[in-house]
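To start, the structure itself, in structure tokens.
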Amino acid sequence: MSPLTQSIFVISLGLGTTMTLSSTHWLLAWMGIEINTLAIIPLMTQNSHPRAVEAATKYFFAQAGASALLLFAAFLNSCLTGSWNITLMNHPAASTLCILALAMKIGIAPLHSWVPEVMQALDLRTALILSTWQKLAPLYLMYQIPLDNSDLILFLGIFSIAVGGLGGLNQVQILKIMAYSSIAHLGWMIIILSISAHLTLLALYTYLLISSSLFFSLMMMRAKHISSLSISWAKIPALTMTLPLMLLSMGGLPPLTGFAPKWLITMELMMSGLTLTALFAILLSLLSLYFNLRIFYTTTLTTPPNNPPGSLPWRFFPQHITLLPTLAITATITLLPLTPAILTFMT
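For what it's worth, UniProt numbering labels the leading residue of the sequence shown as 1, then goes sequentially.
So, in structure tokens, the structure goes:
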């Protein structure tokens with residue numbers, strides 16, 4: 001794919017998300033999501049690999065079904081209430097269908113089956129876009145609509161945390177592990193959405209930061225399998241030293257940045273009288289922490305050094321811009337003490 005064609009699709013991604021974020025009418029928001037979907041499919045298939053084509057096909061059918069359900073929910077709400085305004089999704093049936101459609105859009109369990117298979121077949125740059133940028137527009141719509149059915153929201157959140165933890169236990173493909181981590185983090189965002197929306201935004205920003213840092217690191221290491229990390233010390237020693245800390249931050253281990261949203265969400269759930277829900281969320285999130293710890297343990301503590309033949313890659317000049325990854329990695333590890341200030345700024 002030529003740089004001009006690729007830039008057109010990337011601009012279309014930004015245009016679709018901007019259209020959804022700036023609209024109050026369901027048709028305009030739906031059009032923005034569809035532009036996003038149609039713009040990322042060519043980026044998925046730019047390698048012309050059969051698995052990439054299969055992943056793009058799966059993604060298209062999943063997104064098409066979710067879009068049809070979303071449009072039907074908006075049309076049903078307009079027939080019952082006479083309004084196409086996003087914030088006036090007041091009918092229970094239309095609101096439930098809209099939540100399910102948006103959950104399928106971003107891959108919330110139990111509507112998540114397309115996410116690991118699609119992520120595994122993509123290159124790292126497209127997987128980064130799919131796991132971060134593509135979630136903004138559906139989450140914004142879910143943030144805007146009235147969430148009267150709190151039981152459904154709690155079920156989707158708990159089930160996503162459970163699936164994200166259990167699904168990543170026996171995985172060796174890094175992109176599948178990132179996919180299940182994404183599902184688990186979406187569960188934490190959704191579970192608190194009907195109670196405290198600003199904590200959902202904090203969890204979203206933290207996830208975007210940590211996920212971007214990990215993808216930047218993997219792109220610099222050119223690693224898509226756990227075994228590839230065992231020789232990463234010969235490529236970029238400093239990055240190999242910080243990668244375990246980023247994985248532990250993704251799992252939510254204190255005193256790293258990823259612990260902040262889980263800690264605040266747990267406190268908010270307990271203050272809202274949902275102590276049992278908070279307990280289940282904490283216990284199930286230990287599964288995600290476990291498989292992140294397993295990557296760290298198996299690749300850095302128990303795997304013997306594997307010396308690649310020839311000159312060591314880290315002796316050459318880096319081919320990537322390292323300023324942005326360095327800032328993102330530093331924020332991924334050290335932002336926990338600034339959580340009160342960040343929370344005050346957001347509220």
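Backbone N, C-alpha and C define an ideal beta-carbon position, used for all residues, glycine too.
Does the beta-carbon distance from residue i to residue j come in below 8 angstroms?
| i | j | result |
| --- | --- | --- |
| residue 182 | residue 325 | no |
| residue 278 | residue 289 | no |
| residue 119 | residue 130 | yes |
| residue 65 | residue 89 | no |
| residue 160 | residue 108 | yes |
| residue 333 | residue 211 | no |
| residue 61 | residue 127 | no |
| residue 138 | residue 106 | yes |
| residue 72 | residue 97 | yes |
| residue 158 | residue 291 | no |
| residue 29 | residue 141 | yes |
| residue 196 | residue 153 | no |
| residue 336 | residue 257 | yes |
| residue 346 | residue 201 | yes |
| residue 144 | residue 81 | no |
| residue 192 | residue 282 | no |
| residue 121 | residue 52 | yes |
| residue 208 | residue 132 | yes |
| residue 342 | residue 295 | no |
| residue 223 | residue 229 | yes |
| residue 70 | residue 102 | yes |
Would DSSP call residue i helix, strand or coil?
| i | result |
| --- | --- |
| residue 25 | strand |
| residue 77 | helix |
| residue 90 | coil |
| residue 149 | coil |
| residue 85 | strand |
| residue 361 | Only positions 1 to 347 of the chain appear in this structure, which leaves residue 361 out of reach. |
| residue 258 | coil |
| residue 120 | helix |
| residue 47 | coil |
| residue 324 | helix |
| residue 132 | coil |
| residue 246 | helix |
| residue 236 | coil |
| residue 109 | coil |
| residue 252 | coil |
| residue 7 | helix |
| residue 2 | coil |
| residue 32 | helix |
| residue 65 | helix |
| residue 14 | helix |
| residue 276 | helix |
| residue 344 | helix |
| residue 335 | coil |
Going along the chain, which residues of its own chain have a beta-carbon closer than 8 angstroms to the beta-carbon of residue i, five neighbours each way excluded?
| i | result |
| --- | --- |
| residue 47 | 123 |
| residue 246 | 210, 213, 214, 217, 329, 332 and 333 |
| residue 99 | 142, 145, 147, 149, 152, 153 and 156 |
| residue 316 | In this predicted model, residue 316 has a pLDDT of only 45, less than 50, meaning its place in the structure is not dependable; the value taken from the coordinates is given anyway. For residue 316, where only same-chain residues beyond five positions count, there are no Cβ hits under 8 angstroms. |
| residue 25 | 84, 85 and 86 |
| residue 254 | 263 and 336 |
Between residue i and the rest of its own chain, which residues show a CB-CB distance below 6 angstroms, the 5 nearest in sequence each way excluded?
| i | result |
| --- | --- |
| residue 9 | 39, 42 and 43 |
| residue 327 | none |
| residue 293 | none |
| residue 162 | 284 |
| residue 1 | 46 |
| residue 116 | 176 and 179 |
| residue 77 | 89, 91 and 94 |
| residue 59 | 118 |
| residue 172 | 226 |
Kindly list the residues whose CB is nearer than 7 angstroms to the CB of residue i, restricted to its own chain and excluding five residues on each side of it in sequence; keep chain order.
| i | result |
| --- | --- |
| residue 287 | 165, 166 and 169 |
| residue 204 | 139 and 189 |
| residue 110 | 159 |
| residue 45 | 52, 53 and 56 |
| residue 12 | 35 and 39 |
| residue 7 | none |
Quick one: is residue i near chain B, going by C-beta distance under 8 angstroms?
| i | result |
| --- | --- |
| residue 259 | Protein chains in the displayed structure number just one, and chain B is not present. |
Tell me whether residue i counts as near the ligand ATP, meaning its Cβ is closer than 7 angstroms to at least one heavy atom of that ligand.
| i | result |
| --- | --- |
| residue 40 | Looking for the ligand ATP in the displayed structure turns up nothing, as the structure carries no ligands at all. |
Curious, which full-length alpha helix (DSSP H) runs of at least 4 residues does the segment 152-229 contain?
-> Given a length threshold of 4 residues, each whole run of the alpha helix (DSSP H) inside the segment 152-229 is given here in chain order: 174-191 and 197-221.
If you pair each beta-carbon of the segment 35-46 with each one of the segment 11-22, do three or more pairs fall below 8 angstroms?
-> Contact between the segment 35-46 and the segment 11-22 is present, because at least three Cβ pairs lie under 8 angstroms.
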